[in-house]
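Chains as they are written, first to last, in our numbering: chain A, 1 to 356; chain B, 357 to 712. Quick reminder that beta carbons are idealized off the backbone N, C-alpha and C, glycines included. These numbers were taken from a predicted model, which means no experiment stands behind them. Let me begin by presenting the structure, written as structure tokens, before commenting on it.
There are 2 protein chains.
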Amino acid sequence: MARATVTIHDVAQAAGVSVATVSRALNGHSNVAEPVRQRVHEAAQRLRYSPHGAARSLSSRSTQTIGVVLPDLHGEFFSELIRGIDTVARGRGRHLLLSSCHGDPEQQGAALRAMRGRVDGLLVMSPYADRPGFLAENLPQPLPAVLINTHQAEPLCPALEVDNHAGAMAMVRHLLELGHRRIAFIGGPEANHDARERLRGFRAAMAAQADAHASEYPGAFDEASGHRAGQAILAARPRPDAVFAANDMMALGCLYAFAHAGVQVPGQIALAGFDDIPLARFVHPSLTTMRVSIAALGGRAMERLLALVEAGNAEVGQEQVDRQVLAPELVVRASSAGHAPPPERTGRRRAPKPEG
Amino acid sequence: MARATVTIHDVAQAAGVSVATVSRALNGHSNVAEPVRQRVHEAAQRLRYSPHGAARSLSSRSTQTIGVVLPDLHGEFFSELIRGIDTVARGRGRHLLLSSCHGDPEQQGAALRAMRGRVDGLLVMSPYADRPGFLAENLPQPLPAVLINTHQAEPLCPALEVDNHAGAMAMVRHLLELGHRRIAFIGGPEANHDARERLRGFRAAMAAQADAHASEYPGAFDEASGHRAGQAILAARPRPDAVFAANDMMALGCLYAFAHAGVQVPGQIALAGFDDIPLARFVHPSLTTMRVSIAALGGRAMERLLALVEAGNAEVGQEQVDRQVLAPELVVRASSAGHAPPPERTGRRRAPKPEG
DNA sequence: CTGAAAGCGCTTACAG
DNA sequence: CTGAAAGCGCTTACAG
């Protein structure tokens, strides 16, 4: 009875050599005579042999695979992240074992543990990593791991994240340079770490400018809350001359509120967001924002991990537990183009409450 | 010297049983005494044991993993596809081994072959499958595979695809029902199979309506070509009273052309697209379109594949090589809302060239 | 219900 | 340069 699947033994037999030689020839080891190597390759090709991944992994103790554990898969963020990870992985000849596990920590913990013996390293984005012990208990022992946009309770793994703080500061400086001084900030959910960092950056940059006047409005990272904040901002006296929304969706909601009220952007009020979602360049006026290259984030994380994997995980000491940040990039579009309103108009608006 | 990693032997020793019993206990086999089962579970938990994936795969001849081979990872299509696949996979306790390989057939062939011994089945989207022999030569022998939006040279695998033909027909019928009779179609690239099918659907539905008058404009699935087609349509005499673009991006380009010319949508001309991209609901007026649930496509493909995997691939006969189509769904928005222009206006426009 | 043993398909020192 | 053999960490008939 013919075997359902061809193994290294079949190739060995066809080429008239031992399986050891087949293994060496196919893996490109140098210690194989040229004619033998050729016979083996021909036999392998003829039989359409390809090595059994699990068997190879088991004996070589290497899977050529990286595990990617994410909390979710919805939306552009994850798609870009995976794309960036995949680009680097393919360039280095690695496969990706993907596990996205919505829901509870137990589910993600199980996904993490299930990676043992399947991958050489782990890329993890986890909202549960700030629970004490979560990573320590669920990360398979000998596997190097790199964290993405994840806050760990105790520093265990190298981590990469977007530098929201620096990004927000850069955006505020951009608005200040245009001459805006009365800048409103629309915040995100308080529980959201990105949102908190962007708020901190806003405050820091505003504090550094003596004659700037900051105001803050609550938001929830969605269009509706941006719309509400926009209405509140229009009602404020003195009215802000620029708005910085903590993300693009809120900036769009805000933009619609302004458009509905007949307030010109950027003529009467400048507007900026954060993220550079695809919509940002399509709205009118197009939206100034901070571009966060999520693909680059994923790619960099993969490169960091592969360095660890290739170094051999033995020597992962405390000094390896670094933390890299990725600076977002300012994208100036029409919503903040040109300069701030001319002095006299600005003066008029400021009149009710002059400041040093 | 302590082992770097804990194996089934460590658990066996800790629980005072054989490795066979540990295996049976941990895998939930019924033939284990209750107290023994408990001891084993406790020992496993205490030692933080989790089984070695490759070892388990090798001996059980099952990986609990599905390979997903795609040509690319850019854009919403692939992100939605993966999301749909992942949802079903996770629900069935399967992992996903992802391989996206841009570029040439040889690269994708290698990716396909590399799946041997790593997965229990394959989900494949391949632009190269229409080359004779490509699938036969590169699909690892005993693995069941399901094709997604892929046209194979010879029917080898079950396949799922979007029913572009039916979708286009449904859209035309919608426009006809609103009273439109003079409908322009903006086509996609001739090499694109989706585009060809949508064109066929348009023609079929128009042919079925005796008093309908069709016109066709070339396009390239991008905004610019939609814009050009829009201008051409506005210049046509008699002017069409509805436009059906083969995808949303072209519909948007067309919409901008109309807006620029001051032509009201849908008041003076109705407009519809295909795909339901996120932008479709944000433009003004919002765009009527055909929604293609890519996530559902991925999910259905995964379900089909798992059925094959679980049936055991032995009996994959010719009757298994079926082909399922997924019907897109009509999404009526503002760009085709209300009714066609009233008779007298329609009459005026038709005047130069009256028809039966 | 439990254990000893064979085997899954490879890789890799170890001899020669 | 090549082969025989051990071993990777599991699962699973086969006995008992």
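Measuring C-alpha to C-alpha distances from ARG584(B) to each of PRO594(B), ILE625(B) and TYR573(B) identifies TYR573(B) as the nearest.
Within the region 639-656 of chain B, no residue places its CB atom closer than 7 Å to a CB of chain A. Distance from ILE269(A) to PHE282(A) at the Cβ level is roughly 20 Å; contact not present, criterion being Cβ atoms closer than 8 Å.
When 7 Å is used as the limit between beta carbons, THR5(A) is near these residues of chain B: GLN497 and PRO498, in chain order. Around GLN587(B), the same chain offers ALA613 as residues with beta carbons nearer than 6 Å, after the five sequence neighbours per side are excluded.
Burial state of GLU80(A) is buried, judged by a 10 Å Cβ sphere holding 16 or more other Cβ atoms.
Judged by DSSP secondary structure, SER99(A) falls within the beta strand (DSSP E) whose first and last residues are 95-100.
The C-beta distance from VAL424(B) to VAL396(B) rounds to 35 Å, too long to meet the 8 Å contact threshold. Comparing alpha-carbon positions, the option among GLN107(A), GLY75(A), ARG196(A) and HIS95(A) lying closest to MET169(A) turns out to be ARG196(A). Within the same chain, and ignoring the five residues on either side of ILE539(B) in sequence, the residues whose Cβ sits closer than 7 Å to its Cβ are VAL528, LEU531, MET562, ALA568, ALA570, PRO596, ALA598 and PHE600.
GLN680(B) carries a strand assignment under DSSP once its states are collapsed to helix, strand and coil.
Judged by pairs of C-beta atoms under 8 Å, the region 72-90 of chain A does not touch the region 43-57 of chain A, as fewer than three such pairs exist.
With its beta carbon at least 9 Å from every one in chain A, GLY586(B) lies outside the interface. Looking at the DSSP output, GLU685(B) bridges to ARG647(B). Using a Cβ-Cβ cut-off of 9 Å, CYS513(B) does not count as an interface residue toward chain A, since no Cβ of chain A sits closer than that to its own. In the three-state DSSP reduction, ASP631(B) falls in the strand class (E or B). Neighbours of ASP86(A) across chain B, judged by C-beta separation under 8 Å: LEU429, LEU454 and SER456. Interface residue (Cβ-Cβ distance to chain A less than 9 Å): PRO407(B) is classified as such. With a contact defined as Cβ atoms closer than 8 Å, LEU255(A) and VAL265(A) qualify at about 6 Å. Taking all protein chains in view, the Cβ of ALA376(B) is surrounded by fewer than 16 other Cβ atoms within 10 Å, so the residue is classified as exposed. Every unbroken stretch of the beta strand (DSSP E) spanning 3 or more residues and falling wholly within the region 517-543 of chain B is given here in chain order: 538-542. At a cut-off of 9 Å between beta carbons, PRO483(B) makes no contact with chain A. Put simply, the region 30-47 of chain A does not touch the region 385-405 of chain B. Fewer than three CB pairs are less than 8 Å apart.
Taking 9 Å as the cut-off, the beta carbon of GLN152(A) is found no closer than this to the beta carbon of ARG181(A). About 20 Å separates the beta carbons of LEU661(B) and ASP519(B), which is beyond the 8 Å limit, so they are not a contact pair. If you draw a 10 Å sphere on the C-beta of HIS451(B), you find 16 or more other C-beta atoms in it, and that means buried. At a C-beta separation below 7 Å, SER413(B) has these neighbours in chain A: ALA54.
For SER335(A), no CB of chain B lies under 9 Å from its own CB, so it is not counted at the interface with that chain. Annotated as proximal: LEU453(B) and ILE422(B), with beta-carbon spacing under 9 Å. Close to SER79(A), with beta-carbon spacing below 9 Å, are these residues of chain B in chain order: LEU429, HIS430, GLY431, GLU432, PHE434, SER435, GLU436, ILE438 and ARG439. Only buried fits ARG472(B), as 16 or more other CB atoms lie within 10 angstroms of its CB. Comparing alpha-carbon positions, the option among HIS430(B), GLY623(B), ASN494(B) and SER642(B) lying closest to ALA607(B) turns out to be SER642(B). For THR419(B), the chain A residues whose Cβ falls inside 7 Å of its Cβ are ALA54, in order along the chain. Residue-level contact check: PRO634(B) touches chain A, since one or more beta carbons of chain A fall below 9 Å from its beta carbon. Distance from the CA atom of GLY201(A) to the CA atom of HIS430(B), rounded to whole angstroms, is 32 Å. In the three-state scheme derived from DSSP, where H, G and I count as helix and E and B as strand, GLY226(A) is classed as helix.
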